[in-house]
Amino acid sequence: MLTIFVPKEKLPEMIGRIMDGARVFAPVKEGDGYRFRLLDRPDKADLTYQNTRLSPKELIHPPAEAMFSYSLKKGDPKEGILEEIPKALGKRVVWGIRPCDAKAFQLVDINFITDQYVDPWWQKRRQATVLVGLGCGKPCSTCFCTSVGTGPFDRSALDVLMTELAEGYVLEAVTEAGEALLAEAPEGTPASASVLAEAQAVAEQAEKSLPRLFVPEPLKEKPMTELFQAAFWDEVQFACINCGTCTFLCPTCWCFDIQDEVHQQEGVRLRLWDSCMFPLFTLHGSGHNPRNQKLQRVRQRFMHKFKYYVDKYGNGPACVGCGRCVQYCPVNIDIRRVAGMMTASCVCPT
Amino acid sequence: MHAYTEKIREAAQRLLAEKKVDGVIGFRMGTIPMMSEPVFIRHADQVNQLVWNGFCGVNLANYLVKRKDRVAIVAKGCDSRNIVLQLQENQIRRDQMVILGAPCQGMVDRRKVWTFLKGRDPLQATEDGASLRVSGRDFDEVLDRQAFLQDNCRICTHRNPVIYDELLGDPVPEQTGVDRYEDVRRVEAMGFEERWRYFEDLIASCIRCYACRNACPMCYCPTCFVDESRPQWVGKTLDPTDTRTFHLLRAFHMAGRCTDCGACERACPMAIPVRQFTKKLEKDIKELYGYEAGVVPEGRPPLDTYRPDDPQDFIK
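So the protein sequences, as listed, match chains A and B. At position 123 of the first sequence the residue is numbered 123 (full-length UniProt numbering), and the sequence of numbers has no breaks. At position 279 of the second sequence the residue is numbered 279 (full-length UniProt numbering), and the sequence of numbers has no breaks.
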């Protein structure tokens with residue numbers, strides 16, 4: 001597919017041109033961290049970042065979104081009717097997304113776009129979004145993408161893969177949408193063989209720096225109840241304070257809550273991020289809570305990612321190894337260590 | 001400070017062997033630089049997991065609330081003050097605990113180190129007296145440890161445990177001449193609009209993960225006001241009204257109870273300086289009542305006391 005080379009000084013020009021036809025999101029420095037933001041100026045995109053603190057899932061699955069509005073006014077012709085609140089679903093480009101975060105979108109697609117149910121806004125935003133990935137030349141020490149089936153230069157969830165070289169970027173189209181983005185780009189030139197070789201070397205070097213820490217595949221074979229009842233959960237859960245940091249920062253945690261907020265005669269129906277770490281997450285209307293113990297909630301997070309998702313969808317695990325939860329957990333609960341325990345307790349088929 | 005490691009292991013071994021406690025709450029080596037993980041040691045053959053270093057910033061008193069068993073707990077100055085508060089608030093009994101007091105030299109703020117490193121990835125961090133050595137693939141930096149302490153540690157005046165059964169080392173000199181409220185005075189000096197804007201900006205990036213609340217040893221309500229669902233008290237959105245309500249109510253609930261241990265600020269994944277909400281209250285309690293939370297086990301805290309001869313009218 002089409003592969004071009006864009007010198008570093010030309011990149012803002014290219015982003016600027018694309019901004020004319022689409023809303024472009026890119027990593028922007030905020031305080032000491034980075035976050036994907038809608039660009040108002042191309043030079044705000046900062047591709048020197050390692051990774052954003054919050055994953056870009058917020059672009060497709062906003063933390064708090066008003067879905068519908070309604071009226072409770074007697075006699076109002078719209079009384080009791082849920083009316084969809086218009087959303088910005090037009091063409092978007094996410095520039096500089098890491099391959100792991102893009103992979104996460106694919107993993108969540110499997111849950112939000114099924115034969116039975118389709119989440120309309122997830123689907124529409126996904127369809128309207130072109131993902132220009134930035135390969136990880138220097139993965140972080142907390143990264144473990146290669147252990148969970150993706151990698152620092154994994155193209156499989158991207159439309160374009162960018163590789164940074166000293167003088168510029170190699171942009172390789174992966175899909176037709178990506179090719180359309182790169183076609184007729186006056187900022188670039190067709191990538192030469194030497195440039196391609198250089199990009200290839202960067203990718204290989206990065207992959208080599210990430211040895212696999214555990215092998216999740218055998219988890220498929222392990223009886224669910226054995227893992228569920230494993231003794232190690234007691235040790236894993238002790239430090240956990242049941243905050244939502246891991247789940248909110250995670251690119252594959254998709255759970256949400258639906259709430260109505262009514263002011264006088266007007267109401268809105270909201271969709272809000274929720275977290276399996278919170279006791280309220282599973283509180284039944286009866287007052288019963290099937291996960292009222294911390295151990296149950298901690299186990300749920302890991303079992304969902306490494307076992308339930310895998311069993312249900314024949315895919316996964318539902319983790320891309322971005323390392324955010326490892327880096328930001330306030331009490332150092334390390335998913336790599338837990339995955340290691342889960343796989344070690346596996347009687348792996350030989 | 002590392003000498004504590006051996007003493008903690010020795011004490012844990014002894015207390016478990018003598019069946020004085022059912023377990024020991026301490027720290028084990030973390031999996032990433034500048035982090036130690038809280039751990040519960042139940043058996044004498046596990047005591048070698050226990051460590052002590054300048055990365056033990058988590059307030060372990062958080063793991064005491066409503067325990068039924070007998071435990072030993074490693075307690076820094078701030079942890080010990082929170083233990084005092086929990087005793088005053090009947091969250092645990094004194095005879096359930098063996099407190100291993102750890103005179104503290106302050107805990108390292110890994111965020112400050114990250115800021116200093118400007119994106120370079122730390123692979124290892126070690127301490128040697130007053131210095132902190134951080135190294136990675138292509139760098140090796142020796143830093144002045146004091147300059148990279150958590151903000152609350154830099155102004156701490158209770159580094160030595162206020163309550164303990166065994167002390168893990170000689171008491172450390174308390175910091176003197178510390179201005180604890182320089183930042184609060186700066187906020188107090190702001191005009192109304194500016195002050196409002198200051199706090200609004202502070203919480204703009206809040207994601208409502210409640211790490212600040214959950215890291216706090218004094219946040220132990222069976223159902224937090226933000227989790228009340230029948231009826232719901234507080235909105236769950238990221239609208240400033242909802243976020244502000246959470247932060248202000250959380251702070252006010254800490255009035256007269258906050259020890260400025262820094263657990264909330266340390267836990268925040270968005271690096272919000274949440275202590276800015278509680279410090280003013282802490283200053284007020286000190287100025288109005290001459291009281292510091294959790295320093296003296298005897299007597300009741302000022303906001304926990306009813307006096308029929310209260311000089312103010314509203315109570316009558």
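Every residue, glycine too, gets a C-beta built ideally from N, C-alpha and C.
With fewer than 16 other Cβ atoms from the protein chains shown falling within 10 Å of its own Cβ, P231 of chain B counts as exposed.
For chain A, the residues of the UniProt domain "4Fe-4S ferredoxin-type" (196-228) of chain B that bring a beta carbon within less than 7 Å of one of its beta carbons are I207, C209, Y210, A211, N214, A215 and D227, in chain order.
In the assembly as shown, A293 of chain B is a buried residue. Its beta-carbon has 16 or more other beta-carbons within 10 Å. A Cβ-Cβ distance of about 11 Å is found for the pair K103 of chain A and S55 of chain A, leaving them out of contact under the 8 Å criterion. Contact of W233 of chain B with chain A by beta-carbon distance below 9 Å is absent, the smallest such distance being about 12 Å. Contact of K7 of chain B with chain A is not assigned, every C-beta pair being separated by 8 Å or more. Closest in C-alpha terms to N242 of chain A, from the list B:N62, B:Q105, B:F225 and B:D128, comes B:N62. In this structure, L11 of chain A lies near Y169 of chain A, with their beta-carbon atoms less than 8 Å apart. Of all residues in the stretch 19-39 of chain A, only E30, G31, D32, G33 and R35 place a beta-carbon less than 9 Å from a beta-carbon of chain B.
Contact annotation for N53 of chain B against chain A: no contact, minimum CB-CB distance about 13 Å [criterion: below 8 Å]. In this structure, the straight-line span from the alpha carbon of E83 of chain A to that of S69 of chain A is close to 5 Å.
DSSP places D284 of chain B inside the alpha helix (DSSP H), whose first and last residues are R275 to Y289.
In this structure the stretch 270-285 of chain B touches the stretch 241-253 of chain B; the number of beta carbon pairs closer than 8 Å is three or more. For G267 of chain A, the enclosing beta strand (DSSP E) covers residues E266 to W273. As for any alpha helix (DSSP H) of minimum length 4 sitting wholly inside the stretch 143-167 of chain B, the runs are 151-154, ordered along the chain. Shown here is that no member of the stretch 75-101 of chain B has a Cβ falling below 7 Å from a Cβ of chain A.
Distances from the CA of M218 of chain B to each of B:R14, B:E89 and B:G26 were compared; the closest alpha carbon is that of B:E89.
At the C-beta level, L168 of chain B and G77 of chain B stay beyond 8 Å of one another.
Sorting B:D165, B:V142, B:D144 and B:D179 by C-alpha distance to the C-alpha of T157 of chain B places B:D179 at the top. Here G26 of chain B is near I8 of chain B, since their CB atoms are less than 8 Å apart.
Per DSSP, G340 of chain A is not a residue of any beta strand (DSSP E); the alpha helix (DSSP H) it occupies stretches across I335 to A344. Judged by beta-carbon spacing, G133 of chain A lies beyond the 8 Å limit of L165 of chain A, meaning their Cβ atoms are not closer than that value. Within the same chain, Cβ atoms closer than 8 Å to the Cβ of M190 of chain B are found at Y198, the five residues on either side in sequence being excluded. For D101 of chain A, the enclosing alpha helix (DSSP H) starts and ends at P99 to F112. Taking a C-beta cut-off of 8 Å against chain B, the contacting residues of the UniProt domain "4Fe-4S ferredoxin-type" (306-338) of chain A are V326, Q327, Y328, P330, V331, N332, I333, D334, R336 and R337, listed in chain order. Contact annotation: I163 of chain B and I83 of chain B have beta-carbon atoms nearer than 8 Å. One thing to note: R126 of chain A has its Cβ within 8 Å of the Cβ of F105 of chain A.
Residues of the stretch 216-242 of chain A that bring their beta carbon within less than 7 Å of a beta carbon in chain B comprise F238, A239, I241 and N242, in sequence order. Listed in chain order, the alpha helix (DSSP H) elements of length 4 or more contained wholly in the UniProt domain "4Fe-4S ferredoxin-type" (196-228) of chain B are 211-215. Counting only Cβ-Cβ distances below 8 Å, G262 of chain B has no contacts in chain A at all, with the closest Cβ about 11 Å away. Sequence-ordered contacts of the stretch 248-279 of chain B with chain A read A263, R266, A267, C268, P269, M270 and A271 [C-beta pairs closer than 9 Å].
Cβ-Cβ distances below 6 Å link R336 of chain A to F144 and L213 in the same chain, with the five nearest sequence neighbours on each side left out; the list follows chain order. Not flagged as an interface residue toward chain A: D144 of chain B, since no C-beta distance is shorter than 8 Å. The straight-line gap separating the alpha-carbon atoms of A191 of chain A and I15 of chain A is approximately 19 Å. In this structure, DSSP gives G136 of chain B an extended state, which the three-state scheme calls strand.
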